[in-house]
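>
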Amino acid sequence: MSQAPSPKSQAPTVVFTNGVFDILHPGHVRYLREARALGDKLIVAINSDRSVRALGKSPDRPINPENERAEVLRALACVDEVVIFDEDTPHEIIKKLQPDILVKGADWGENAIVGRDIVEARGGRVVRIKLAEGYSTTQILQRIRNK
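Just so we're aligned: 23 in the numbering used here is position 30 of the sequence shown, and the numbers increase by one with no gaps anywhere.
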């Protein structure tokens, strides 16, 4: 009597992306869904409040504090984990997590993507996702301020 071969134990494909995700909008949701579709697990790293200010966005940013931004992202079915990083870039968190796939918006130049070196050095890949047109936190804030 022959036995069926035992299934190979395979580690899940981990997808990583990062950003501020201050005021969540449909563009964010579409981007995160597409990122999650690339693997088995999606980890989203968000900038701490301090690192958002260091990015040089408007002085009143972020609008939502880091813990609230993380809570909203964790509520999305496509997001498996959320981590907050305090450095100016996500390089150290990418080095620690060692994702298989690194995702950024297509507005980022290929050579400007932080962590590319880490992911590609271990055989992973970098994917740039086209952003949904007409959605941005900056545009939302401009509309609010102009009312």
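For every residue, glycine included, the Cβ atom is placed at its ideal position computed from N, Cα and C.
Classify Ile39 as helix, strand or coil using the three-state DSSP reduction.
strand
> Using CA atoms only, rank isn't needed, just tell me which of Ile16, Ala114, Val37 is closest to Ile86.
Looking at the Cα atoms, Val37 is the closest of the given residues.
> Helix, strand or coil: which one does DSSP assign to Pro(-2)?
Note that Pro(-2) has pLDDT 49, beneath the 50 cutoff, so the model's placement of it is unreliable and no number is given.
> With C-beta atoms as the reference, is Ile94 less than 8 Å away from Leu134?
no
> Does the region 62 to 69 come into contact with the region 6 to 19, if we say contact requires no fewer than three beta-carbon pairs (one atom in each stretch) closer than 8 Å?
yes
> For the beta strand (DSSP E) that contains Asn11, what are its first and last residues?
First-last of the beta strand (DSSP E) with Asn11: 7 to 12.
> I'd like to check one pair, Ile39 with Asn11: are the Cβ atoms closer than 8 Å?
yes
> Output yes if chain D places a C-beta closer than 8 Å to the C-beta of Gly117; else output no.
Included in the structure is just one protein chain, with no chain D present.
> Have a look at Thr131 and Val7 and give me their C-alpha separation to the nearest angstrom.
30 Å
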